[in-house]
Amino acid sequence: MFRYDQARQVLTVGAGTIATVPDELTALSARSVCLVGSPRSLASAAGQATREALRGFDVRHEFGKIAPHAPITDTEAMARQLRDDPPDALVAVGGGSVSDTAKALSILLAEGFPLEAKCSTFTPPDQLRHVQLTAAKIPVVTVPTTLSGAEVTPGGGATDARGIKRVFWDQKVASRVVVYDPELLTDVPAELLLTTGMNGLAHCAEALYSKSASPFTDALAAEGARRFAETLPRIGSATGPLAVGLLEDALTAAAIGGLVISNARVGLHHAVCHVLGAAYGVPHGVANSVMLPYVLEYNHDHTEAKQAILARALGKGLGTTGGAAVLAALVQQRAGVPRTLADTGLAEGDLERVADEVMQDRGLFFNPKRVPDAGAVLGVLRRAWAGAVTGAA
Numbered sequence: 052m053f054r055y056d057q058a059r060q061v062l063t064v065g066a067g068t069i070a071t072v073p074d075e076l077t078a079l080s081a082r083s084v085c086l087v088g089s090p091r092s093l094a095s096a097a098g099q100a101t102r103e104a105l106r107g108f109d110v111r112h113e114f115g116k117i118a119p120h121a122p123i124t125d126t127e128a129m130a131r132q133l134r135d136d137p138p139d140a141l142v143a144v145g146g147g148s149v150s151d152t153a154k155a156l157s158i159l160l161a162e163g164f165p166l167e168a169k170c171s172t173f174t175p176p177d178q179l180r181h182v183q184l185t186a187a188k189i190p191v192v193t194v195p196t197t198l199s200g201a202e203v204t205p206g207g208g209a210t211d212a213r214g215i216k217r218v219f220w221d222q223k224v225a226s227r228v229v230v231y232d233p234e235l236l237t238d239v240p241a242e243l244l245l246t247t248g249m250n251g252l253a254h255c256a257e258a259l260y261s262k263s264a265s266p267f268t269d270a271l272a273a274e275g276a277r278r279f280a281e282t283l284p285r286i287g288s289a290t291g292p293l294a295v296g297l298l299e300d301a302l303t304a305a306a307i308g309g310l311v312i313s314n315a316r317v318g319l320h321h322a323v324c325h326v327l328g329a330a331y332g333v334p335h336g337v338a339n340s341v342m343l344p345y346v347l348e349y350n351h352d353h354t355e356a357k358q359a360i361l362a363r364a365l366g367k368g369l370g371t372t373g374g375a376a377v378l379a380a381l382v383q384q385r386a387g388v389p390r391t392l393a394d395t396g397l398a399e400g401d402l403e404r405v406a407d408e409v410m411q412d413r414g415l416f417f418n419p420k421r422v423p424d425a426g427a428v429l430g431v432l433r434r435a436w437a438g439a440v441t442g443a444a
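The numbering of the sequence shown is the working numbering, which starts it at 52 and goes up by one.
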């Protein structure tokens with residue numbers, strides 16, 4: 052028996068699809084909107100095109116300084132400004148932090164404060180408590196500028212004052228509309244696209260062997276992984292129409308990855324990345340770029356069949372063969388993304404603290420292999436620090 056739960060949403064993919072935003076907002080009966088983004092995303096081609104698309108709407112509020120990892124204090128301050136005059140819709144332009152902020156705003160405006168009370172709690176080793184969020188939510192419309200796929204999911208992360216990533220989950224906050232327009236990503240730095248694409252690839256990899264995987268998620272995850280392996284090594288050097296075509300394929304892969312982890316939830320890999328980002332300031336895409344091969348190796352003895360599916364998908368995209376961890380490392384190499392924790396600026400002396408904090412992350416609940424203690428995590432981190440992919444997986 053398995054369950055597959057799909058949020059109600061429209062995904063549009065292709066050049067020029069930003070022009071569909073007015074009709075999509077009208078279909079949601081939205082006249083007033085709040086625009087949410089980061090300084091970079093709102094100044095980008097995507098931000099400018101979104102402003103143009105919103106000309107006929109009442110842009111009642113704009114929050115243009117969304118910080119990485121979505122600090123809870125910032126989000127709650129924004130929600131207080133909105134609660135007496137809430138918009139009909141939230142329009143988010145940007146990556147995962149922007150998307151998560153919009154989702155959190157939707158929750159706060161519907162369910163009240165504080166946000167932390169709406170987040171799940173994990174008690175090691177195997178106690179996970181979800182908070183049921185029942186109120187109707189203000190719809191979110193998203194124009195992504197990265198390849199993480201976060202906008203598709205009904206979950207989000209926000210960082211508390213202690214530097215801990217808290218996770219909320221509600222099908223009603225998944226973006227009702229996502230506009231994947233590859234022409235709007237041509238001015239996004241290649242490094243950002245590549246590292247967030249590695250995050251999307253990690254979504255597909257972890258979904259394949261998640262405790263909550265199903266035949267549906269397996270099929271989607273394999274296709275997403277193939278597309279990422281095929282496109283990420285080529286995005287950095289492509290120009291003109293070729294670049295737009297590759298970006299459309301990569302955006303499709305990102306959307307697939309988001310759909311997959313909406314049901315097959317992420318495990319140890321993302322638990323590590325949550326801590327590296329929220330507590331140590333490592334960009335989420337960079338953390339994902341580094342960690343994937345090493346976590347695949349750790350989980351291999353419990354996931355051989357699923358990793359064989361991943362290896363076939365990656366090999367098809369790369370045009371070669373090998374084990375899943377080795378091929379993930381080859382994607383790293385060909386894409387030119389960071390490959391070791393030493394590359395991220397993290398101090399080697401912090402590894403033990405990172406391992407301790409990972410033990411509190413809910414991702415361990417969904418990991419297929421039990422993580423018995425911080426020592427097991429530390430072993431993975433040390434291999435990631437040294438860049439030691441053994442080739443055994």
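Heads up, the beta-carbon is just placed ideally off N, CA and C, and yes, glycines get one too.
Apply the 10 Å Cβ neighbour rule to Glu399 and answer buried if 16 or more other Cβ atoms are within range, or exposed otherwise. Around the C-beta of Glu399, fewer than 16 other C-beta atoms lie within 10 Å, and the residue is accordingly described as exposed.
CB contact flag (Gly146, Ser95, <8 Å): Not a contact, by the Cβ cut-off of 8 Å.
How many Å lie between Thr152 and Ala201 at the Cα? Roughly 11 Å separates the two Cα atoms.
Would you report the Cα separation of Pro195 and Val144, rounded to the nearest angstrom? So the alpha carbons of these two residues sit roughly 6 Å apart.
Any idea what DSSP makes of Gly308, helix, strand or coil? The three-state reading of DSSP puts Gly308 in helix, counting H, G and I together.
Can you tell me where the alpha helix (DSSP H) holding His335 begins and where it ends? Counting along the chain, the alpha helix (DSSP H) containing His335 begins and ends at 335-350.
Once you ignore the five residues that flank Leu327 on each side, which residues in its own chain have a CB closer than 6 Å to its CB? These residues qualify, in order along the chain: Val333, Ala338.
Could you have a look at Lys116 and say whether DSSP puts it in helix, strand or coil? Collapsing the DSSP output to three states places Lys116 in coil.
Quick check: Val221 and Leu244, are their CB atoms within less than 8 Å of each other? According to the sequence as given, residue 221 is Asp; it is not Val. Going by C-beta atoms, Asp221 is not nearer than 8 Å to Leu244.
Glu113 to Val87 span [Cα, whole Å]: If I take the Cα positions, the gap works out to 6 Å.
With a threshold of 8 Å on Cβ separation, who are the neighbours of Leu235 within its own chain once the five nearest residues in sequence on each side are excluded? Counting only Cβ-Cβ distances below 8 Å, and skipping sequence neighbours, we find Ile69, Ser95, Ala96, Ala97, Ala100, Val194, Thr196.
Just tell me which of Leu156, Asp177, Pro175, Pro176 has its CA closest to the CA of Glu167. With distances taken between Cα atoms, Glu167 lies closest to Leu156.
7 Å Cβ shell around Trp436 - same chain, five flanking residues per side excluded: Same-chain partners within the cutoff: Thr391, Leu392, Ala393, Glu399, Leu402.
Could you say which of Ala329, Val317, Met342 lies nearest to Val431 if we only look at CA atoms? Out of Ala329, Val317, Met342, Met342 has the C-alpha closest to the C-alpha of Val431.
Would you identify the three-state DSSP class for Ala225, choosing helix, strand or coil? Ala225: coil per DSSP, three-state reduction.
Residue of Ala241, Gly115, Pro205 minimising C-alpha distance to Leu297: Comparing alpha carbon positions, the residue from Ala241, Gly115, Pro205 closest to Leu297 is Ala241.
Assuming Gln60 and Ser226 make a contact with CB atoms under 8 Å, what is their CB distance in whole Å? At roughly 6 Å, the Cβ-Cβ gap stays under 8 Å, so Gln60 and Ser226 are in contact.
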